[in-house]
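Q:
Residue numbers (our numbering): -9 to 58.
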């Protein structure tokens, strides 16, 4: 099983924005995420997002999709 980790991190002393969250989701879906994968996150003590990560199974991808 081959996996690819998609990760988005906020710069030091900053937090992820809604736009960055949307970019993370787009990146994950374009990389072959089915939508059922569990997302890992690091949050600040105040509950703000610092980083997001997901492991995508690249073996499930259609070979025609990876050629584009």
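Even for Gly, the Cβ is constructed at its ideal location relative to N, Cα and C.
Please read these numbers as outputs of a predicted model, since none were measured by experiment.
1. Less than 7 Å between the beta carbons of residue 46 and residue 23, yes or no?
2. For residue -8 and residue 27, what's the separation of their Cα atoms in angstroms?
3. Report all residues from its chain with a CB closer than 6 Å to the CB of residue 6; omit the five preceding and five following residues, and keep chain order.
4. Are residue 30 and residue 43 closer than 7 Å when you measure CB to CB?
5. Please state whether DSSP places residue 28 in a helix, a strand or coil.
A: With the structure as the only source:
1. Indexing the chain shown from 1 puts residue 46 at position 56. Indexing the chain shown from 1 puts residue 23 at position 33. Contact: yes.
2. What you label residue -8 is simply residue 2 of the chain shown in a count that begins at 1. What you label residue 27 is simply residue 37 of the chain shown in a count that begins at 1. Rounded to the nearest angstrom, the two C-alpha atoms are 15 Å apart.
3. As a position in the chain shown, residue 6 is number 16, starting the count at 1. Here the set comprises 0 and 39.
4. The count along the chain shown starts at 1 and reaches residue 30 at position 40. The count along the chain shown starts at 1 and reaches residue 43 at position 53. Yes; because the gap between Cβ atoms is below 7 Å, this pair is in contact.
5. Translated into the one-based positions of the chain shown, residue 28 becomes position 38. Correct three-state label for residue 28: coil.
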